[in-house]
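Residue numbers (the working numbering): 11 to 277.
For each residue, glycine too, the CB sits at the ideal point set by N, CA and C.
Remember, it's a predicted structure, so these values are computed and weren't measured experimentally.
Before any comments, here is the structure.
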């Protein structure tokens, strides 16, 4: 049954808060396998607050339902940070596919111009002027709408070729310019996206695969554990059954809720 604000006593003990939150989690279909961990985590959180001189009411505020829901939401949406290599590999594969498609598209456009353009030089140059000009505008608009840098290399190549065609550059040279510029732009943009993907993660993500030292023994059953990672202290837990003692060097496996999930380096 949901908890309403007017049923809350003025002062609640840690045990009462935990029991009421657990009742809320059960009523809102939080997975049963997560309840034990959530209960231990909340108990530890409230006990640490009590040691700092805060009452349970000061921690949960005036709306216990809201507090319980915010706490549950953290566990409903675990943030795994150890899958970065897989995501990076998938991104690289996608970019390779895009590069191949882009090269094919460049060749198709060039072939189309060669096949359908008039054979008289003066007429051909005039046609190319408008083909490249209109093509550049359409491709730029298409890039704005779709994003992804798929159309931008063609747009850059077409824009430069349009300018050259208006100053009288021979059609063959103009077409070669379009091909070369499009390929160069494609390679440059691919390198840019690779660099952008390598930006350092923020928040707890920056600790992915890093090492830490156990400050408080990490015990999943008791819900205890704290590790030092670089200059910061973090709550910690583990998927292992055995307790990880103080002073142990550990590796960050993932982030789950408000805790770093760790394992001993020699595990």
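Please say whether residue j and residue i have beta carbons closer to each other than 8 Å?
| i | j | result |
| --- | --- | --- |
| residue 40 | residue 82 | yes |
| residue 237 | residue 265 | no |
| residue 50 | residue 232 | yes |
| residue 145 | residue 168 | yes |
| residue 45 | residue 27 | no |
| residue 142 | residue 165 | no |
| residue 257 | residue 224 | yes |
| residue 78 | residue 31 | yes |
| residue 137 | residue 170 | no |
Can you tell me where the beta strand (DSSP E) with residue i in it begins and where it stops?
| i | result |
| --- | --- |
| residue 167 | Not the beta strand (DSSP E): residue 167 falls in the alpha helix (DSSP H), residues 162-176. |
| residue 25 | Segment 24-37 is the alpha helix (DSSP H) holding residue 25; no beta strand (DSSP E) there. |
Look at the alpha carbon of residue i and the alpha carbon of residue j, and state the distance between them as a whole number of angstroms.
| i | j | result |
| --- | --- | --- |
| residue 52 | residue 230 | 13 Å |
| residue 252 | residue 273 | 10 Å |
| residue 162 | residue 149 | 7 Å |
| residue 22 | residue 200 | 58 Å |
| residue 262 | residue 197 | 36 Å |
| residue 270 | residue 222 | 10 Å |
| residue 38 | residue 194 | 56 Å |
| residue 4 | residue 188 | Shown here, the chain extends from 11 to 277; a query on residue 4 therefore has no answer. |
| residue 179 | residue 155 | 32 Å |
| residue 255 | residue 64 | 28 Å |
| residue 206 | residue 249 | Residue placement at residue 206 is flagged as unreliable, the pLDDT there being 48, under the threshold of 50; the coordinate-derived value follows with that caveat. Straight-line Cα distance between these residues: approximately 33 Å. |
| residue 242 | residue 184 | 59 Å |
| residue 24 | residue 74 | 13 Å |
| residue 80 | residue 58 | 19 Å |
| residue 54 | residue 245 | 10 Å |
| residue 47 | residue 275 | 23 Å |
| residue 72 | residue 34 | 16 Å |
| residue 160 | residue 70 | 50 Å |
| residue 220 | residue 139 | 56 Å |
Looking at the strands, I want to know which residues DSSP matches up with residue i.
| i | result |
| --- | --- |
| residue 244 | 237 |
| residue 47 | Looking at the DSSP assignment, residue 47 forms no beta bridge with any residue, so it has no partner. |
| residue 222 | 260 |
| residue 228 | 254 |
| residue 270 | 246 and 265 |
Can you tell me where the alpha helix (DSSP H) with residue i in it begins and where it stops?
| i | result |
| --- | --- |
| residue 66 | 66-70 |
Looking at chain D, is there any beta carbon in it that lies within less than 8 Å of the beta carbon of residue i?
| i | result |
| --- | --- |
| residue 194 | No chain D appears in the structure shown, which is made up of a single protein chain. |
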